[in-house]
Structure formats: structure tokens, C-alpha cells
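Below: the structure, in C-alpha cells.
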Amino acid sequence: MSENMPLITVIVAVFNGADTLQRCIDSVLKQTYQEIELIVMDGGSTDGTVEIVQANSGEITYWETRPDRGVYHAWNKALNHARGEWICFLGADDYFWRSDVLEQLAPHLMAAAAQGIRVVYGRVAVLTAKGRPLEISGEPWEKVEKRFQEEMAIPHQGTMHHRSLFETHGVFDESFRISGDYDLLLRDLRKNSAQFVPGVVVTGMQLGGLSSVPALQLVHIREVKRARDKNQITAFSPRLFRRLVRAVIRSWIAEVFGKKITDSLVDVYRMLTGKPRKWTA
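Numbering (the numbering used here), first residue to last: 4 to 284.
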């Protein structure tokens, strides 16, 4: 492997993630790519997570366990310890899809850095809570570039960030609960391009993150709008408006009929539009 291959920092944020954290860590440690460091930030877990981190401490470049103000605070603290030219962020439910993922990405990262591109991404496998694949997410940049001005249109779990992204635009805005990653990337991608790596599934993403919880969809939409306003994107978004209407209707149905019936109805709608079941899979 070339001596010029970039160092990649993998940052994992976790809170009470004992059920999945070891799988995440193993997927990092088994990478065939050698220029890699792992940082684990635990938010003060009480379920055995800390013991898992300690058991792997010999393979972790830096770790800490203490209460934090949320995932974006944890990631920001980790950035103070990151040495990599490229940085990716995982949750405890995420894991690298194959052992050679970073090796596949490395040449594309080098080419992107040479062109001044700060964001590189591939595809992500979306999984049920039991680990069954639902769909593969991630489309070429030329297909989602305009849509990105309206919503998060690339999978953050499959995204690599050049460290100059943070040097130029700052770190995650911790006032966001769900959409801080979109706000960060929008600072750069509202004017610049991202690079898509075709044919590479970067990670498996297990359903259960904040932005996938139905009850938080209205919070997510409000935060996307706030991120757009913050980044001076003032054009009306029909896509965001449609999402708002669907979220309001779903919230009303859930209040009247309960979550189980609501999830079933939403999945019927998904199947009618050619998508797989998501909430009752």
C-alpha cells in the first residue's frame, strides 16, 4: 500500500449501545486498510457499554466515557483528538459493510482531496432492528444535488469528511437535535460538489436512530428548515412541504388509532409506491 494513503479517523458515538457496539468496533478493527484510527465517545452508559470499550481499549486510539449533551457534542469533542485527513462518523448501530470498504474508498479519497472536494460518500444498507436488509440508500451527486438544497439527500453513515471541511466551516451546531449533520454539510455543499463512489456499500445502518423515529419526524422537518434558513437558502421547498403534510397526518393518525395501526398504514403506502415495508418489517 502506498505510503501516501490518507489516515482515516473513525469516530463512534454511543450511549447504552451494548447490544451492537462490539459489532461496530469489530467492523473497524477488521478493515484491511491500515491507515486508520478509532475514537469512541461514550455518553455515560450504564448497560455494559463501558466494559466493552475497556475490553477493546488496546485497539482504540482515544476513548472517554462521561455525560454529554448529545451526539453532536460527542462528535465535536472527538474532533479535538482526530488526526485523520478524512473522518467518518458512526453510531453504535452502524458498522462497515465489508472488511475492505476503506481500502476501496482510499483511492477515491485521494482523488477528491486533489480536486479540493471535501465530501465523499457511497451507499448504505438500511437494516431492520433484527438486521434484515431493507434497501440500499445513496445516489450519484448529479442526481441529488438539487434535492440536497431541500433535505438530507446523501447517507451520512456512508460519508467521509475531509478535515478541511471543519477548518473552513466549523464543527457541528449542537443546537440541532437531529439535523446537525445536514446543517454541517449544507455549509459546504450549497456551493460545492460532493463525490459519489459507485458500487461501494460503506456501512450497514440499523433502524432506530433519532431521525428514523416517527414521533420525531416533525422535529426533523423543522430542523431541516432551520438549517436551510441558517445557510441562506430561502426558496420555497415543495418537497419539504409535502413531508410536513405527511408528518402531520401521520402524527394525527397515531394519536387517534395508535402506533401499530399507523405503522401498518404507512407501510401500505410505501408498498403502493414501490418501496419495501419499513416500520412493520
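We put the CB at the ideal spot given by N, CA and C, even for glycine.
Between residue 13 and the set 201, 36, 255, the nearest pair of CA atoms involves 36.
A direct Cα-to-Cα measurement between residue 279 and residue 39 gives close to 35 Å. Taking the CA atoms as reference points, residue 50 sits about 6 Å from residue 21.
Counting C-beta pairs closer than 8 Å gives three or more between the stretch 191-206 and the stretch 90-110, which meets the contact rule.
Under DSSP, residue 89 takes part in a beta bridge, and its partners are 11, 165. The beta carbon of residue 154 is closer than 7 Å to those of 227, 242, 243 in its chain, skipping five residues each way along the sequence. Residue range 65-68 is occupied by the beta strand (DSSP E) that includes residue 68.
Cβ atoms of residue 198 and residue 115 come within 8 Å of each other, at about 5 Å.
Under DSSP, the beta-bridge partners assigned to residue 130 are 136, 209. In this structure, the straight-line span from the alpha carbon of residue 148 to that of residue 76 is close to 28 Å. Non-local C-beta neighbours of residue 188 in its own chain, meaning closer than 7 Å and more than five positions away in sequence, comprise 122, ordered along the chain. Residue 99: not part of any alpha helix (DSSP H); member of the beta strand (DSSP E) spanning 97-99, first to last residue. The C-beta of residue 41 has 16 or more other C-beta atoms within 10 Å across all chains shown, which makes the residue buried. Residue 88 places its beta carbon 8 Å or farther from that of residue 190.
Under a 10 Å Cβ-count criterion, residue 195 is classified as exposed, with fewer than 16 other Cβ atoms of the shown protein chains found around its own Cβ.
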